[in-house]
DNA sequence: TATTATTTTGTAATGATTATCAATTACAGA
DNA sequence: TCTGTAATTGATAATCATTACAAAATAATA
Ligand SMILES: [Mn+2]
Ligand SMILES: [Mn+2]
Ligand SMILES: [Zn+2]
Ligand SMILES: [Zn+2]
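Protein chains in written order, with this note's numbering: chain A, 23 to 176; chain B, 23 to 176.
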């Protein structure tokens, strides 16, 4: 945890940004909730618990800054809000997501499954891939079992 | 063109929706601009050229309806607006996109490159895939050539 | 034709995000 | 340490895409 915070601090400094108390509090919230996909408002409320004086605008600005530095990725699951997702330690690309259309659960795939596909894209489309976004929509494990048991097909 | 319109009409009827003049005008705009990725506002302005009496709310409702019917897919490229993208004729899954981070161009890949990946996801994550969203971010062919010629590395 | 359900329109309301600006804080030089 | 300057913050207003609403229009039904 402290290790990752240190790394982010260095990344900020390398672009001559400072790790202010507000920024640190925001990053800590992101680290402590890595499994979730928090909106700016979500982050704001969580940061507020520790640092009640922080303003919503600062949270937005910090998240924007972290996006530029590729510390977080800004994603949109189709509800009206942007969500902010920490990059996995050392990951070159954004991780993948499984979104259940039944229960809304979001699962993560850290493994990069697109290596081969990217080669094809670079070769056949002459497109130099820098990053990707991949989300699967479908039925999660839990909901599949529910369907089998209750016969609910929807 | 007429063929696809007919098909969409039938799809609407099968759910007991009507193809009203406003809906038809909207669908026509989508068909005539299939290469683009129009926002609701974009669609509204284009429809207005032919059917000036249409209201923005109707365009939103129609696009929403077409989304539910899977005639269009609603996507978000990270600018503040939703964009609406016609499904390719007979396509089971949403097509892929290549977004150039230099010039903003959006290219389409109709070929489904995720067959193998989906098998892995179903097998290893026990997730039943219904659809997917895949976007690559990188440098398009045109911008690569510009970079080579001018030495602009950005 | 009378009745009812669907659809549309213009507009108001909502809500997430961004812009603004005065106040605070950090920093570099004297 | 003091001083001027740049960076950052917080409160709040403004923006802007989208949604909600209610009255009018249109279509379907009896
Ligand atoms: Mn994630
Ligand atoms: Mn497309
Ligand atoms: Zn589920
Ligand atoms: Zn380009």
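Glycine is no exception: its CB is placed at the ideal position from the N, C-alpha and C atoms.
Quantities reported herein were computed from a predicted structural model and do not represent experimental measurements.
Using a Cβ cut-off of 8 Å, which residues of the stretch 126–160 of chain B contact any Cβ in chain A, in chain order?
Residues of the stretch 126–160 of chain B with a C-beta atom less than 8 Å from some C-beta of chain A are 129, 131, 135, 136, 138, 139, 140, 142, 143, 147, 148, 149, 150, 151, 152, 153, 154, 155, 156, 157, 158, 159, 160, listed in chain order.
Secondary structure of residue 168 (chain A), DSSP reduced to three states:
helix
Who are residue 96 (chain A)'s beta bridge partners in DSSP?
A:106
Cβ-Cβ separation, residue 47 (chain B) to residue 31 (chain B) (assumed contact under 8 Å), whole Å
Cβ atoms of residue 31 (chain B) and residue 47 (chain B) stay farther apart than 8 Å, at about 13 Å.
Could you work out which residues of chain B lie near residue 100 (chain A), taking near to mean beta carbons separated by less than 8 Å?
96, 98
Which ranges does the alpha helix (DSSP H) cover as unbroken runs of at least 4 residues, wholly within the stretch 32–80 of chain A, from first to last along the chain?
43–54, 62–72
By the criterion of Cβ-Cβ separation under 8 Å, what are the contact partners of residue 123 (chain A) in chain B?
152
For the alpha helix (DSSP H) containing residue 140 (chain B), name the first residue and the last one.
137–146 is the span of the alpha helix (DSSP H), which, as asked, contains residue 140 (chain B).
Name the one or two DSSP bridge partners that residue 159 (chain A) has.
A:121, B:153
Tell me the rounded alpha-carbon separation between residue 118 (chain B) and residue 136 (chain A).
Looking at the two C-alpha atoms, the distance is approximately 13 Å.
Please state whether the Cβ-Cβ distance between residue 91 (chain B) and residue 34 (chain B) is less than 9 Å.
yes
Does DSSP put residue 133 (chain B) in a helix, in a strand, or in coil?
coil
Through-space distance from residue 105 (chain A) to residue 64 (chain A), alpha-carbon basis:
9 Å
Quick check: the Cα distance between residue 36 (chain A) and residue 107 (chain B), rounded to an integer number of angstroms?
So the two alpha carbons sit approximately 40 Å from each other.
Taking 9 Å as the CB-CB cut-off, is residue 166 (chain B) touching chain A?
Interface residue, yes.
If you measure from the CB of residue 117 (chain A), is any heavy atom of ligand 1 nearer than 8 Å?
yes
Just the chain A side, please: which residues come within less than 7 Å of residue 163 (chain B) by C-beta, in chain order?
148, 149
Whole-angstrom distance between residue 103 (chain B) and residue 81 (chain A), CA atom to CA atom:
Across the structure, residue 81 (chain A) and residue 103 (chain B) are spaced so that their CA atoms are roughly 22 Å apart.
Within 6 Å of ligand 3: residues by beta-carbon to any heavy atom:
A:122, A:124, A:125, A:127, A:162, A:164, A:165
Is the closest heavy atom of ligand 2 to the C-beta of residue 133 (chain B) under 8 Å?
Checking every heavy atom of ligand 2 against the Cβ of residue 133 (chain B), none is found closer than 8 Å.
Supposed contact pair residue 140 (chain B) and residue 151 (chain B) - C-beta distance, whole angstroms, cut 8 Å:
5 Å
Whole-number beta carbon distance between residue 120 (chain A) and residue 149 (chain B), since they are thought to touch under 8 Å:
5 Å
Heavy atom of ligand 1 less than 8 Å from the Cβ of residue 54 (chain A), yes or no?
no
Starting from the beta carbon of residue 120 (chain A), find every residue of chain B whose beta carbon is closer than 8 Å, and list them in chain order.
Per Cβ cutoff of 8 Å: 143, 147, 149.
Taking the straight line between their C-alpha atoms, what separation do you get for residue 153 (chain B) and residue 101 (chain B)?
Going from the Cα of residue 153 (chain B) to the Cα of residue 101 (chain B) covers about 23 Å.
Closer than 5 Å to ligand 2: residues, by C-beta to nearest heavy atom, in chain order:
B:107, B:130
Tell me which residues share the same chain as residue 94 (chain B) and place their Cβ nearer than 8 Å to its Cβ, disregarding the 5 neighbours each side in the sequence.
If we look at residue 94 (chain B) and ignore the five residues flanking it on each side, its Cβ neighbours are 52, 85, 88, 106, 107, 108, 109.
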